[in-house]
Amino acid sequence: KLGIVPSDQSDDAEFLRRVSLDLTGTLPTPWEIEKFLADGSPDKRARKIDELLESPAYAAWWTTKLCDITGNNDDNLKDVSPMRGAASQEWYDWIHKRVSENTPYDQLVAGIVLGKSRNEGEDFKTYCKNLSDLYRKGTDKSFANDRDSMPHYWARRNFRQPEERVIGFAYTFMGIRIQCAQCHKHPFDQWTQDDFKNFTGFFTNVTAGLNPESRDQYNEMLADLGLKDKRGNDLRREIPKLLSEGKNVPFQEVYVRPARRAPANTRNRNQRNRGGATSASATLLGGEKVDLTKYEDAREPLMEWLRSKDNPYFARAFVNRVWAGYFNVGIVNPPDDLSLANPPSNKALLDHLAQGFIESGFDMKWVHREIANSRTYQLTWKPNETNRLDEVNFSHQVPRRLPAEAAYDAIVQATASDSAIKKLHEDLDDRAIAIPGAGRRSRGGAGYALTIFGRSIRESNCDCDRSSESSLLQTVFLQNDREVLSMIDNRNGWLAQVSKDMNVRFVPQTQPAPQDNNQNRATQRQIAQAREMISKAESRLKQMKKEGKDQAAKELEQKIAQFKRRMAALRKRAGEDTPQQAGAGEKGEKVAGLDPDQIIKQAYLRTLSRYPTSEELERSREFVKEADETVNGVRGLLWALVNTKEFIVNH
Numbered sequence: 002k003l004g005i006v007p008s009d010q011s012d013d014a015e016f017l018r019r020v021s022l023d024l025t026g027t028l029p030t031p032w033e034i035e036k037f038l039a040d041g042s043p044d045k046r047a048r049k050i051d052e053l054l055e056s057p058a059y060a061a062w063w064t065t066k067l068c069d070i071t072g073n074n075d076d077n078l079k080d081v082s083p084m085r086g087a088a089s090q091e092w093y094d095w096i097h098k099r100v101s102e103n104t105p106y107d108q109l110v111a112g113i114v115l116g117k118s119r120n121e122g123e124d125f126k127t128y129c130k131n132l133s134d135l136y137r138k139g140t141d142k143s144f145a146n147d148r149d150s151m152p153h154y155w156a157r158r159n160f161r162q163p164e165e166r167v168i169g170f171a172y173t174f175m176g177i178r179i180q181c182a183q184c185h186k187h188p189f190d191q192w193t194q195d196d197f198k199n200f201t202g203f204f205t206n207v208t209a210g211l212n213p214e215s216r217d218q219y220n221e222m223l224a225d226l227g228l229k230d231k232r233g234n235d236l237r238r239e240i241p242k243l244l245s246e247g248k249n250v251p252f253q254e255v256y257v258r259p260a261r262r263a264p265a266n267t268r269n270r271n272q273r274n275r276g277g278a279t280s281a282s283a284t285l286l287g288g289e290k291v292d293l294t295k296y297e298d299a300r301e302p303l304m305e306w307l308r309s310k311d312n313p314y315f316a317r318a319f320v321n322r323v324w325a326g327y328f329n330v331g332i333v334n335p336p337d338d339l340s341l342a343n344p345p346s347n348k349a350l351l352d353h354l355a356q357g358f359i360e361s362g363f364d365m366k367w368v369h370r371e372i373a374n375s376r377t378y379q380l381t382w383k384p385n386e387t388n389r390l391d392e393v394n395f396s397h398q399v400p401r402r403l404p405a406e407a408a409y410d411a412i413v414q415a416t417a418s419d420s421a422i423k424k425l426h427e428d429l430d431d432r433a434i435a436i437p438g439a440g441r442r443s444r445g446g447a448g449y450a451l452t453i454f455g456r457s458i459r460e461s462n463c464d465c466d467r468s469s470e471s472s473l474l475q476t477v478f479l480q481n482d483r484e485v486l487s488m489i490d491n492r493n494g495w496l497a498q499v500s501k502d503m504n505v506r507f508v509p510q511t512q513p514a515p516q517d518n519n520q521n522r523a524t525q526r527q528i529a530q531a532r533e534m535i536s537k538a539e540s541r542l543k544q545m546k547k548e549g550k551d552q553a554a555k556e557l558e559q560k561i562a563q564f565k566r567r568m569a570a571l572r573k574r575a576g577e578d579t580p581q582q583a584g585a586g587e588k589g590e591k592v593a594g595l596d597p598d599q600i601i602k603q604a605y606l607r608t609l610s611r612y613p614t615s616e617e618l619e620r621s622r623e624f625v626k627e628a629d630e631t632v633n634g635v636r637g638l639l640w641a642l643v644n645t646k647e648f649i650v651n652h
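Heads up: the sequence shown is residues 2 to 652, going by our numbering.
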């Protein structure tokens, strides 16, 4: 009907790179690519999908995605745990265990929706002992294994009021934006203020803090520990010390209050909620009114409704988000806006995936297999004349910039030695895709890179917390940042490995990046701004000359010269070197007669996940041959490949 002809099927190398990045956030290894390309069996793609779904990186990457939409943010979890950063790690680990075990999605979600701090049957002191045990040195206990549910979702600082919970819950588990209905009826959507108000009743019975029923025991434990007079920050500083000494300490908690009818003389709804009364009834969105007094936990009927086969949002929201991750655009787009005003581009497709997901028992891997094995997913990114402008009908793959975590890990892997790559695939402790929490502050060595590449900050109820936009800072980082250059010149990296294989002395050209590089980061931002100003000024200069504005052009040329001098000074301050510059001091060697083809092919496999074309091979061979030192030629080639558009996008 649209006159659009789908593109051809992708070749094996293109497919392998794409599916590896989509399923695991990880580049395939050079030897994995060689083995896959040499495999002539017709079912090798389906087998590779199954293999990736069983890999540690799959569990890590899709846990990170679920942490995005559920809001695992360090900044909003302060004071949830006595140990700094522990709450976000516990959140990540709890989800990770269930993703790795392929726990049905509805069960995973139930553990969050019905989350409370105490396990079934725990009294307050037993709860405190069991939690204290988690923080002992050398303990074999863990939050993920020993806690039935994940209550931190309800303990966030930005998720305490019923209205905040309505908006966040609808976004996370239903993929809808209901915030407008808090104040008015949206002119193009179905939700009214009454819908919003009546839905809040499900969220008034869960509280994070000191359970009034346990207050006496809490104070008794503080007194026994000599902390009776400690309050606020003073108390928070003492608790970790006592835990390290093996003491049991009291914990606040996420707890549930039974629904009951508020007294008739209660002043207003807000006062009832703050004062401890819960809503006696609530209405499901687009559904029936529920008597909450029949339930111990008002969230129980909400969860029952979510996982019911007739729910129009729960399954659709999940499969649509997975689809959007694979195609750069959702069947409903944006993926977090399922509404009457935003219909799906292919309703039959969305219905098929949602129904299949439900019938599979909410098997998350079923969704991944169904999509990744489809002909649509395996189409090439190369368009034809009929579909080159199509970005919504899935007639070809749309190249998309790598997510921040995958981009950073790709740089690390591309520059790492073979043994280091093997470790990166087996042990994810140092991987960006396995960093638990997010927030405004940069954390760890990858913090700056993850920020400029748009890692989700998990602050608002919007998928737009994660950015896939390109920026000048990303280009500057890849080209000139000392961290990237240090990866290339790492004495345990691939370049050093190549030097050893060639029996050539390895001389790094870049000093290792300092641990605290904030000043250098600021300088690089100034360099990026100066470069942008020069580019804009030169464009204006061309226009002025074309229009015959000679005097104005002359003045602008002087300003451009000033900009360039300023940028040169900034570059000097940052200590920038181009990758092709000779290093100070000792030099390497020129290896006469060395056939570089195998090294060039390995450089392409570890960056672009394919073999070079004959033209690329010839050009690269000449580049390495003309370098003053063989290793310098390989260094420049690796740097150039990391800086190609093909490297930083998934296609």
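Glycine included, C-beta positions come from ideal geometry on N, C-alpha and C.
It should be emphasised that the depicted structure is a prediction, and the values quoted were computed from it without experimental measurement.
Excluding the 5 residues preceding and the 5 following A435 in the sequence, name in chain order all residues of the same chain whose CB lies nearer than 6 Å to its CB.
Within the sequence shown, numbered from 1, the residue matching residue 435 stands at position 434. Excluding positions up to five away in sequence, the list reads A61, L429.
Could you please give me the residues that DSSP links to T284 through a beta bridge?
As a first step, residue 284 must be located in the sequence shown, where it is residue number 283. Bridge partners of T284 according to DSSP: K290.
By the three-class DSSP mapping on this structure, what secondary structure does A171 have?
On the sequence shown, residue 171 is found 170 positions in, with the first residue counted as 1. Correct three-state label for A171: helix.
What three-state label does DSSP hand E254 in the structure shown?
For the purposes of this step, residue 254 is identified with residue 253 of the sequence shown, where counting begins at 1. In this structure, E254 counts as strand in the three-state DSSP scheme.
In three-state DSSP terms, what is T25?
Numbered from its first residue, the sequence shown carries residue 25 at position 24. Here T25 carries a helix assignment [DSSP, helix/strand/coil].
Residue from A260, Q603, A316 whose Cα sits closest to the Cα of D419:
Position 418 of the sequence shown holds residue 419. Comparing Cα positions, the closest option is Q603.
Straight-line Cα distance separating L639 from V333:
In the sequence shown, the residue the question calls residue 333 occupies position 332. In the sequence shown, the residue the question calls residue 639 occupies position 638. Distance between the alpha carbons of V333 and L639 is about 39 Å.
A342 lies in the beta strand (DSSP E); which residues open and close that run?
Within the sequence shown, the letter at position 341 stands for residue 342. Neither: A342 is in no beta strand (DSSP E) and is coded neither H nor E.
Please work out which residues of its chain come closer than 6 Å, Cβ to Cβ, to A347, disregarding the five sequence neighbours upstream and downstream, and give them in chain order.
Within the sequence shown, residue 347 is the residue found at index 346, counting from 1. Here residue 347 turns out to be Asn, not Ala, going by the sequence shown. Excluding its 5 nearest sequence neighbours in each direction, N347 has C-beta neighbours in its own chain below 6 Å: I332, listed in chain order.
Opposing strand residues paired with V650 [DSSP bridges]:
Taking the first residue of the sequence shown as position 1, residue 650 is located at position 649. In the DSSP output, where bridge partners are listed per residue, V650 has R402.
V320 and V665 - do their beta-carbons sit closer together than 7 Å?
The first residue shown for the chain is 2 and the last is 652, placing residue 665 beyond what the model contains.
Beta-ladder partner(s) of A209, from DSSP
Counted from its first residue, the sequence shown places residue 209 at position 208. Answer is V255.
So what does DSSP say about L380, is it helix, strand or coil?
Looking up residue 380 in the sequence shown gives position 379. DSSP places L380 in strand when its eight states are reduced to three.
Using only the alpha-carbon positions, how far apart do T104 and P7 sit?
Position 103 of the sequence shown holds residue 104. Position 6 of the sequence shown holds residue 7. Each residue's Cα considered, the two are about 36 Å apart.
Would a C-beta distance cut-off of 7 Å place R166 and F204 closer than the cut-off?
As a working note, residue 166 is residue 165 in the sequence shown. As a working note, residue 204 is residue 203 in the sequence shown. Contact: yes.
Measure the Cβ-Cβ separation of S56 and D75 and say whether it is below 7 Å.
For this step, residue 56 is matched to residue 55 along the sequence shown. For this step, residue 75 is matched to residue 74 along the sequence shown. No, the pair does not count as a contact, with Cβ atoms beyond the cut-off.
If T614 sits next to E15, beta carbons under 8 Å apart, how far is it from one beta carbon to the other, in whole angstroms?
The residue given as residue 614 occupies position 613 in the sequence shown. The residue given as residue 15 occupies position 14 in the sequence shown. About 13 Å; that fails the 8 Å criterion.
Rounded to the nearest angstrom, what separates Q194 and L135 at their Cα positions?
Within the sequence shown, numbered from 1, the residue matching residue 194 stands at position 193. Within the sequence shown, numbered from 1, the residue matching residue 135 stands at position 134. C-alpha separation (whole angstroms): 44 Å.
Buried/exposed call for F144, threshold 16 Cβ in 10 Å:
Counted from its first residue, the sequence shown places residue 144 at position 143. With a 10 Å radius around the Cβ and a threshold of 16 neighbouring Cβ atoms, F144 comes out buried.
Can you tell me whether D107 is buried or exposed, with buried defined as 16 or more other CB within 10 angstroms of its CB?
Here the question's residue 107 lines up with position 106 in the sequence shown. Taking every protein chain shown into account, the CB of D107 has 16 or more other CB atoms within 10 angstroms, so this residue is buried.
Among T27, I535, P404, D338, nearest to C463 - alpha-carbon criterion:
Within the sequence shown, the letter at position 462 stands for residue 463. Checked all of T27, I535, P404, D338; the closest Cα to C463 is D338.
H426 lies in the alpha helix (DSSP H); which residues open and close that run?
The residue you call residue 426 lines up with position 425 of the sequence shown. Its alpha helix (DSSP H) spans residues 419–427.
Range of the contiguous alpha helix (DSSP H) that encloses Y612
Numbered from its first residue, the sequence shown carries residue 612 at position 611. In the DSSP assignment, Y612 falls outside any alpha helix (DSSP H) and carries neither an H nor an E.
Using the beta-carbon count (16 or more within 10 Å), is E371 buried or exposed?
Residue 371 sits at position 370 when you count from the first residue of the sequence shown. With 16 or more other Cβ atoms within 10 Å, it is buried.
For the candidate residues E360, N343, A281, whose alpha-carbon lies nearest to that of D311?
The count along the sequence shown starts at 1 and reaches residue 311 at position 310. Ranking the options by Cα distance to D311, first place goes to E360.
Which residues share a DSSP beta bridge with G494?
Working through the sequence shown from its first residue, we reach residue 494 at position 493. Bridge partners of G494 according to DSSP: A417.
Flag this pair as yes or no: are the beta carbons of L403 and Q414 separated by less than 7 Å?
Locating residue 403 in the sequence shown gives position 402, where the first residue counts as 1. Locating residue 414 in the sequence shown gives position 413, where the first residue counts as 1. Contact annotation: L403 and Q414 have beta-carbon atoms that are not nearer than 7 Å.
Can you tell which of F174, D69, I168, D141 has the C-alpha that lies nearest to the C-alpha of G112?
Against the sequence shown, residue 112 aligns to sequence position 111. G112 has its Cα closest to that of F174, out of F174, D69, I168, D141.
Beta-carbon proximity list for K79, same chain, < 8 Å, skipping 5 on both sides
For the purposes of this step, residue 79 is taken as the residue at position 78 of the sequence shown. These residues qualify, in order along the chain: R158.
Using CA coordinates, which residue listed in K248, G139, P302 is at the minimum distance from G202?
For the purposes of this step, residue 202 is taken as the residue at position 201 of the sequence shown. Out of K248, G139, P302, P302 has the C-alpha closest to the C-alpha of G202.
Give the straight-line distance between the Cα atoms of V653 and S471, rounded to the nearest whole angstrom.
Residue coverage of the chain in this structure runs from 2 to 652, which leaves residue 653 outside it and unanswerable.
As a quick exercise: from Q475, P152, F648, M568, pick the residue whose alpha carbon is nearest that of S82.
Position 81 of the sequence shown, counting from 1, holds the residue named residue 82. Ranking Q475, P152, F648, M568 by Cα distance to S82 puts P152 first.
Would you call the segment 288–301 in contact with the segment 254–261, where contact means no fewer than 3 C-beta pairs closer than 8 Å?
With contact defined as three or more Cβ pairs closer than 8 Å, the segment 288–301 and the segment 254–261 are in contact.
Looking at C-beta atoms only, is the number of pairs between the segment 36–54 and the segment 623–630 that lie closer than 8 Å three or more?
With a cut-off of 8 Å, the segment 623–630 and the segment 36–54 do not count as touching, because too few Cβ pairs lie within range.
So, under 8 Å CB-CB, T25 and L53 are touching, yes? Tell me the CB distance rounded to an integer number of Å.
As a working note, residue 25 is residue 24 in the sequence shown. As a working note, residue 53 is residue 52 in the sequence shown. Right, the Cβ-Cβ distance comes to about 6 Å (below 8 Å), so this counts as a contact.
Less than 7 Å between the C-beta atoms of F489 and T608, yes or no?
The sequence position of residue 489 within the sequence shown is 488, counting from 1. The sequence position of residue 608 within the sequence shown is 607, counting from 1. One detail in the question is off: residue 489 reads as Ile in this sequence, not Phe. No, these two residues do not count as a Cβ contact at 7 Å.
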